[in-house]
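Below is one structure; the comments refer to it alone.
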Amino acid sequence: MNPQAKLIFIMSLFLGTTITMSSNHWMTAWAGLEINTLAVLPMISKSHHPRAIEAATKYFLVQAAASALVLFSSMTNAWHTGQWDITQLTHPTSSLILTAAISMKLGLVPFHFWFPEVLQGSPLTTGLILSTAIKLPPITLLYMTSHSLNPELLTTMALLSIALGGWMGLNQTQIRKILAFSSISHLGWMAIIIVYNPKLTMLNFLLYCLMTAAVFLTLNSMKVLKLSTLITSWTKSPSLSSIFLLTLLSLAGLPPLTGFLPKWLIIEELTKQDMVPAAMMMSLLSLLGLFFYLRLAYCATITLPPHTTNHMKKWHTNKPVNISIAILTTLSLMLLPISPMIVTIL
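So the sequence shown is residues -20 to -1, 1 to 326, counted in mature numbering (1 follows the signal peptide of the UniProt record, and there is no 0).
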């Protein structure tokens, strides 16, 4: 892709995200979401491969439908209350429609079908943007309207997201699809707590972005897209593969790594809200996700030759580890000891 065009698209992403996050009026928030959608489409389809074009088409159709629902929700609310302010979303029908629209934007169950397909058709760097930066504006809208959302609906969608995200990731061999189902599962953890403690959702999202960025950039550095090629990657960069193992375990939420912190705080908050059955279900369903993270970690580090994998051998070039991977991986592993400070900030 032309560097000037790439710069324009990335700047548009920043612009759209900033407009949505800083707006009070529904129309400006909608405009920011549209700018984001239009900026990311060329980044998905830049390879001109039929799968990439299909992914871009699916992404456009789903995001257009979700944006239409956002407009419909805000207009219904304005019709009944006379308010266009985002925080004044008080009409119950409007809040239900908005929940559906934001769920489509994020890829929450039952509106999740587009996300694994779009991620599979995108390059790894675009996949990183789709998994992290693109989800910030919709989560911000949920944060601003959290006081008027339906807790029962969000709890149901969250539990289904955690279950399906873990379940459907079990049988995958494509790493991008595994990461897509991982993202759906993590979004379930964020959705269930947004009504009770919105700041905790934002903390969870921030830590999820750190860990996912470390995983995507590591995979991009190793040039790996499938489990069969991941098996031989440890010979090229053993240190990167061993750190990759720890990052995956952090993403799974194992103590004493960073990923354990949001899960611990969310389960604690749910217990305070007398939602012990939901907390138990989430804890048990997260074991499904742990299985495919361990499968990825096994393929990355513990597998030893000889192999009978049918794929072309890659050149073994020793490239220095990118500084951003080093910083993100360190943050993904070592933030748990400062959790008292993080909780105090919250």
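Where a beta carbon is used, it is the ideal one built from N, C-alpha and C, also for glycine.
Since we're looking at a predicted model, the values are computed, not measured.
Per-residue burial, residue i [other beta carbons within 10 Å of its own, 16 or more giving buried]
| i | result |
| --- | --- |
| Pro235 | exposed |
| Ile(-13) | exposed |
| Ile318 | exposed |
| Arg156 | buried |
| Met170 | buried |
| Trp59 | exposed |
| Leu41 | exposed |
| Ala(-16) | exposed |
| Phe185 | buried |
| Leu267 | exposed |
| Asn4 | exposed |
| Thr192 | buried |
| Ser83 | buried |
| Thr125 | buried |
| Met255 | buried |
| Gly233 | buried |
| Gly62 | exposed |
| Val98 | buried |
From the options, residue whose alpha carbon lies closest to that of residue i
| i | options | result |
| --- | --- | --- |
| Ile(-11) | Thr8, Pro22, Ser2, Ala280 | Pro22 |
| Ser201 | Glu34, Ser163, Pro218 | Pro218 |
| Lys243 | Ile77, Met262, Leu226, Leu(-6) | Met262 |
| Leu187 | Thr238, Leu205, Leu207, Thr212 | Thr238 |
| Val20 | Leu108, Ile211, Leu183 | Leu108 |
| Leu228 | Leu122, Asn151, Ser312 | Ser312 |
| Leu241 | Ala113, Leu180, His92 | Leu180 |
| Thr136 | Leu159, Ile173, Arg156, Ile114 | Ile173 |
| Leu129 | Pro72, Ile114, Gln154 | Pro72 |
| Asn151 | Leu207, Met7, Pro(-18), Ile322 | Leu207 |
| Leu78 | Asn16, Ser162, Ala194, Ala9 | Ala9 |
| Gln43 | Trp94, Leu225, Thr61 | Trp94 |
| Tyr176 | Ser222, Ser165, Tyr123, Leu220 | Tyr123 |
| Lys115 | Leu315, Ala81, Leu140 | Ala81 |
| Ala138 | Asp65, Pro90, Ile211 | Pro90 |
| Leu274 | Thr310, Leu13, Ser162, Asn(-19) | Ser162 |
| Gly87 | Ala280, Ser25, Leu316, Leu140 | Leu140 |
| Gly269 | Ala35, Glu248, Met314, Met148 | Met148 |
| Tyr278 | Leu104, Leu210, Ser53, Leu110 | Leu210 |
| Ala35 | Pro96, Val323, Gln63, Ser165 | Pro96 |
| Thr(-3) | Leu121, Lys252, Met260, Ser54 | Leu121 |
| Phe272 | Ser53, Ala160, Phe(-7) | Ala160 |
| Ser75 | His28, Leu134, Lys252, Leu315 | Leu134 |
| Pro(-18) | Ser53, Gly145, Gly(-5), Lys26 | Lys26 |
| Thr153 | Thr112, His166, Val204 | Val204 |
| Gly12 | Thr106, Pro103, Gly(-5), Trp6 | Gly(-5) |
| His166 | Ala280, Ser111, Met55, Phe224 | Ser111 |
| Thr37 | Met55, Ser53, Thr17 | Thr17 |
Residues bridged to residue i (per DSSP)
| i | result |
| --- | --- |
| Gln154 | Lys206 |
Residue interval of the alpha helix (DSSP H) (run including residue i)
| i | result |
| --- | --- |
| Asn302 | Unbroken run through Asn302: none, as it is neither H nor E. |
| Val175 | Premise fails: Val175 is in no alpha helix (DSSP H) and is neither H nor E. |
| Leu69 | Premise fails: Leu69 is in no alpha helix (DSSP H) and is neither H nor E. |
| Val98 | 94 to 100 |
| Tyr273 | 256 to 277 |
| Ile322 | 319 to 325 |
| His5 | Neither: His5 is in no alpha helix (DSSP H) and is coded neither H nor E. |
| Lys252 | 240 to 252 |
| Trp147 | 131 to 149 |
| Val42 | 30 to 61 |
| residue 337 | Residue 337 lies beyond the range of the chain shown here (-20 to 326); nothing can be said about it. |
| Ala113 | Per DSSP, Ala113 belongs to no alpha helix (DSSP H) and is neither H nor E. |
| Ser25 | Taken as a continuous stretch (DSSP letters only), Ser25 belongs to no alpha helix (DSSP H), as it is neither H nor E. |
| residue 353 | Nothing can be reported for residue 353: it is not among the residues displayed for the chain, which extend from -20 to 326. |
| Ile223 | 218 to 232 |
Assumed close pair residue i, residue j - CB separation to whole angstroms, cut-off 8 Å
| i | j | result |
| --- | --- | --- |
| Asn57 | Leu49 | Contact doesn't hold; Cβ gap of about 13 Å is too wide. |
| Thr198 | Ile305 | 6 Å |
| Leu265 | Ala143 | 5 Å |
| Leu326 | Leu183 | 6 Å |
| Glu14 | Ser47 | 6 Å |
| Ser230 | Ala280 | Contact doesn't hold; Cβ gap of about 14 Å is too wide. |
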